Amino acid sequence: MDQYVVIDIGGTTIKHAVMNHEAECLESGFITTPKQGENQIFNRLLDIINSYQKRFMIQGVALSVPGAVNPENGYVYFAGAVTDLTGRYLKKELSMLNLPIELENDANCATLAEKWRGNATKCESFICITVGTGIGGGIFINGDLYRGRKGMAGEFGLMSLLFDEQLETTLDRFSFSNLGSTRVLVENISNGLGQEVSGEEIFLLQDNITVNTSLNKFYNAFTSGCTNIIHALAPEKLLIGGGISAQPEFINKIKERMGRIRKETLDITEVSSCYFKNDAGKVGALYHFLKRQKII
222 MDQYVVIDIG
232 GTTIKHAVMN
242 HEAECLESGF
252 ITTPKQGENQ
262 IFNRLLDIIN
272 SYQKRFMIQG
282 VALSVPGAVN
292 PENGYVYFAG
302 AVTDLTGRYL
312 KKELSMLNLP
322 IELENDANCA
332 TLAEKWRGNA
342 TKCESFICIT
352 VGTGIGGGIF
362 INGDLYRGRK
372 GMAGEFGLMS
382 LLFDEQLETT
392 LDRFSFSNLG
402 STRVLVENIS
412 NGLGQEVSGE
422 EIFLLQDNIT
432 VNTSLNKFYN
442 AFTSGCTNII
452 HALAPEKLLI
462 GGGISAQPEF
472 INKIKERMGR
482 IRKETLDITE
492 VSSCYFKNDA
502 GKVGALYHFL
512 KRQKII
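Using the working numbering, you'd call the opening residue of the sequence shown number 222 and step up by one each time.
So this is what it looks like as structure tokens:
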């Protein structure tokens with residue numbers, strides 16, 4: 222049976238699994254993303270792959286990587302919060318494995334997963350937004366993934382939602398990622414409560430005034446960014462992925478606020494969650510690998 226190591230590299234965690242060509246998961250796990258600046262991430266990736274090779278007949282490695290990448294040569298132009306990957310040829314760094322290796326941007330992977338077996342199988346044009354440490358995005362237009370120059374298409378997290386006279390620091394303070402990501406939501410609530418809370422715990426504390434205020438700010442920022450994207454690209458669907466999209470009320474909160482901004486927005490685009498939720502990156506990375514290797 223064909224077996225592939227699939228790794229979804231995030232700013233907070235690195236999710237990994239062994240899957241077959243039908244995206245059936247044979248084993249999975251996760252580790253904390255190592256501190257950046259010490260180049261430990263390459264050792265962690267090798268550890269994951271070597272561990273699986275001891276127990277499975279691994280035939281290749283599929284990687285979902287944050288930021289802008291070149292799938293052809295494996296070069297990472299920009300890796301968001303995972304700065305140790307920026308400016309590196311990831312395929313070359315892992316060449317000692319002597320395995321086929323393919324990589325794609327994480328949000329593009331989520332997009333491909335939804336087109337392959339998710340909530341966009343019948344769509345010719347749709348947008349996928351991933352919410353986590355930052356905001357990522359994939360653009361599927363006229364039946365194909367659009368990467369843009371240097372792979373930068375879909376880097377919605379770099380959009381500015383506000384501005385002032387200090388343009389040099391606009392993105393540090395007002396970017397979509399720094400106003401509408403779950404990382405910022407967790408940080409704001411943890412600081413407000415004076416104790417660390419997880420993303421899951423936040424939704425058990427909604428009766429708390431501090432938590433509720435931060436959640437409202439988060440929903441407003443996230444909705445503003447999504448509304449801008451719909452008005453710019455007018456896709457058939459806008460699909461939202463990441464752990465928070467699994468919260469039952471999440472999509473309704475976003476749609477209600479979109480209606481308040483401009484009700485016609487919801488007539489243009491259907492807004493819903495990704496089918497694969499937090500596993501979209503892994504499934505899409507596998508699909509990208511199988512397509513590149515001409516297995517499917």
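Ideal placement from N, C-alpha and C gives every residue a C-beta, glycine not left out.
Remember, it's a predicted structure, so these values are computed and weren't measured experimentally.
query: Glu491 and Glu457 look like a contact to me (Cβ under 8 Å); what is the Cβ gap, rounded to whole Å?
result: On the sequence shown, residue 491 is found 270 positions in, with the first residue counted as 1. On the sequence shown, residue 457 is found 236 positions in, with the first residue counted as 1. Contact flag correct, Cβ pair sits at about 7 Å.
- prompt: Around the Cβ of Asn319, are there at least 16 other Cβ atoms within 10 angstroms (buried) or fewer (exposed)?
  reply: Your numbering for residue 319 matches position 98 in the sequence shown. With fewer than 16 Cβ atoms within 10 Å of its Cβ, Asn319 is classed as exposed.
- request: Can you have a look at Tyr225 and say buried or exposed, based on whether 16 or more other CB atoms are within 10 angstroms of its CB?
  value: For the purposes of this step, residue 225 is identified with residue 4 of the sequence shown, where counting begins at 1. Per the 10 Å Cβ criterion, buried.
message: Restricting to Cα atoms, I'd like to know which of Asp385, Ile350 and Ser249 is closest to Arg276.
response: For this step, residue 276 is matched to residue 55 along the sequence shown. Arg276 has its Cα closest to that of Ser249, out of Asp385, Ile350 and Ser249.
Minimum C-alpha distance to Leu383 - residue among Thr391, Phe377 and Asn437: Here the question's residue 383 lines up with position 162 in the sequence shown. With distances taken between CA atoms, Leu383 lies nearest to Thr391 out of Thr391, Phe377 and Asn437.
message: On the DSSP letters alone, give me the boundaries of the alpha helix (DSSP H) that Asp488 sits inside.
response: By one-based count along the sequence shown, residue 488 stands at place 267. Thr486 to Ile489 is the extent of the alpha helix (DSSP H) around Asp488.
- request: Could you round the C-beta distance between Gly462 and Ala331 to whole angstroms and report it? I think they count as a contact, below 8 Å.
  value: As a working mapping, residue 462 is identified with position 241 in the sequence shown. As a working mapping, residue 331 is identified with position 110 in the sequence shown. Indeed they touch by this definition, with Cβ atoms about 5 Å apart.
field: Proximal residues to Glu314 (C-beta, below 6 Å), its chain only, five neighbours per side dropped
entry: Within the sequence shown, the letter at position 93 stands for residue 314. Leaving aside the five residues that flank Glu314 on each side, the residues in its chain whose CB is nearer than 6 Å to its CB run, in chain order, Phe263.
query: Considering only residues of the same chain and omitting the five flanking positions on each side of Tyr296, which have a CB-CB separation below 6 Å?
result: Position 75 of the sequence shown, counted from the first residue, corresponds to residue 296. So the list reads Tyr310, once near-sequence residues are dropped.
Inter-stretch contact at 8 Å, needing at least 3 Cβ pairs: the region 346-353 / the region 384-404: Contact annotation: the region 346-353 touches the region 384-404, with at least three C-beta pairs closer than 8 Å.
According to DSSP, residues forming a beta bridge with His237: As a first step, residue 237 must be located in the sequence shown, where it is residue number 16. Paired residues: Ile228 and Gly250.
- prompt: Using DSSP with H/G/I as helix, E/B as strand and the rest coil, what is Gly281?
  reply: Here residue 281 corresponds to residue number 60 of the sequence shown, with the count starting at 1. Correct three-state label for Gly281: strand.
message: Assuming Gly359 is part of the beta strand (DSSP E), what are its boundary residues?
response: Against the sequence shown, residue 359 aligns to sequence position 138. Element bounds for Gly359: Ile356 to Ile362.
message: Quick test of your reading: Glu325 and Ala506, contact by CB under 8 Å. State the CB separation rounded to the nearest angstrom.
response: To locate residue 325, count along the sequence shown from 1; it is residue 104. To locate residue 506, count along the sequence shown from 1; it is residue 285. The beta carbons of Glu325 and Ala506 sit about 6 Å from each other, so the pair counts as a contact at 8 Å.
field: Closest by C-alpha distance to Tyr440, when choosing among Lys474, Asp305 and Asp428
entry: The residue you call residue 440 lines up with position 219 of the sequence shown. The residue with the shortest Cα to Cα distance from Tyr440 is Lys474.
message: Could you give the first and the last residue of the continuous beta strand (DSSP E) run that contains Glu323?
response: Locating residue 323 in the sequence shown gives position 102, where the first residue counts as 1. Taken as a continuous stretch (DSSP letters only), the beta strand (DSSP E) holding Glu323 covers Ile322 to Asn326.
task: Answer yes if the region 411-425 comes into contact with the region 482-489, meaning at least three C-beta pairs across the two stretches below 8 Å, and no otherwise.
output: With a cut-off of 8 Å, the region 411-425 and the region 482-489 do not count as touching, because too few Cβ pairs lie within range.
query: Using the C-alpha atoms, what's the distance from Val227 back to Ile270?
result: To locate residue 270, count along the sequence shown from 1; it is residue 49. To locate residue 227, count along the sequence shown from 1; it is residue 6. Ile270 and Val227: Cα-Cα distance of roughly 9 Å.
- prompt: In or out: Lys371 buried (at least 16 other Cβ within 10 Å) or exposed?
  reply: If you number the sequence shown from 1, residue 371 lands on position 150. Lys371 should be labelled exposed.
message: According to DSSP, is Phe510 part of a helix, a strand, or is it coil?
response: Your numbering for residue 510 matches position 289 in the sequence shown. Phe510 falls in the helix class under three-state DSSP.
message: Can you list, in chain order, the residues of its chain with a C-beta nearer than 7 Å to that of Leu413? Leave out the 5 residues immediately preceding and following it.
response: Counting from 1 along the sequence shown, the entry for residue 413 is found at position 192. The displayed chain sequence assigns Gly, not Leu, to residue 413. Contacts found: Thr431 and Ser435.
- request: Work out the CA separation of Asn329 and Cys344 for me, nearest whole Å.
  value: Start at 1 with the first residue of the sequence shown, and residue 344 comes out as number 123. Start at 1 with the first residue of the sequence shown, and residue 329 comes out as number 108. Asn329 has its alpha-carbon roughly 15 Å from the corresponding atom of Cys344.
query: What span of residues does the alpha helix (DSSP H) with Gly295 cover, start to end?
result: By 1-based counting over the sequence shown, the position of residue 295 is 74. Per DSSP, Gly295 belongs to no alpha helix (DSSP H) and is neither H nor E.
- request: Return the bridge partner residues of Val286 from the DSSP annotation.
  value: Mapped onto the sequence shown, residue 286 falls at position 65. Within the DSSP bridge table, the entry for Val286 names Asn326 as partners.
Close beta carbons around Thr342, own chain, < 7 Å, minus the five adjacent residues each side: The count along the sequence shown starts at 1 and reaches residue 342 at position 121. Cβ within range, chain order: Lys336.
message: Using 7 Å as the threshold, is the C-beta distance between Tyr508 and Asn340 below it?
response: Residue 508 sits at position 287 when you count from the first residue of the sequence shown. Residue 340 sits at position 119 when you count from the first residue of the sequence shown. In this structure, Tyr508 sits away from Asn340, with a CB-CB distance that is not shorter than 7 Å.
query: Can you tell me whether DSSP reads Tyr367 as helix, strand or coil?
result: Your numbering for residue 367 matches position 146 in the sequence shown. In the displayed model, Tyr367 falls within a strand according to three-state DSSP.
query: Which term fits Asn363, buried or exposed, when burial requires 16 or more other beta carbons within 10 angstroms of its beta carbon?
result: Working through the sequence shown from its first residue, we reach residue 363 at position 142. With fewer than 16 Cβ atoms within 10 Å of its Cβ, Asn363 is classed as exposed.
message: Going by the DSSP bridge assignment, what does Gly462 pair with across the sheet?
response: Locating residue 462 in the sequence shown gives position 241, counting from the first residue. Bridge partners of Gly462: Thr351.
query: What runs of the alpha helix (DSSP H), each 4 residues or longer, lie entirely inside the region 397-451?
result: Counting whole runs of 4 or more residues, the region 397-451 contains the alpha helix (DSSP H) stretches 397-401, 403-414 and 420-423.
Beta-carbon gap between Thr444 and Arg394 smaller than 7 Å: On the sequence shown, position 223 is the one that residue 444 refers to. On the sequence shown, position 173 is the one that residue 394 refers to. Not a contact, by the Cβ cut-off of 7 Å.
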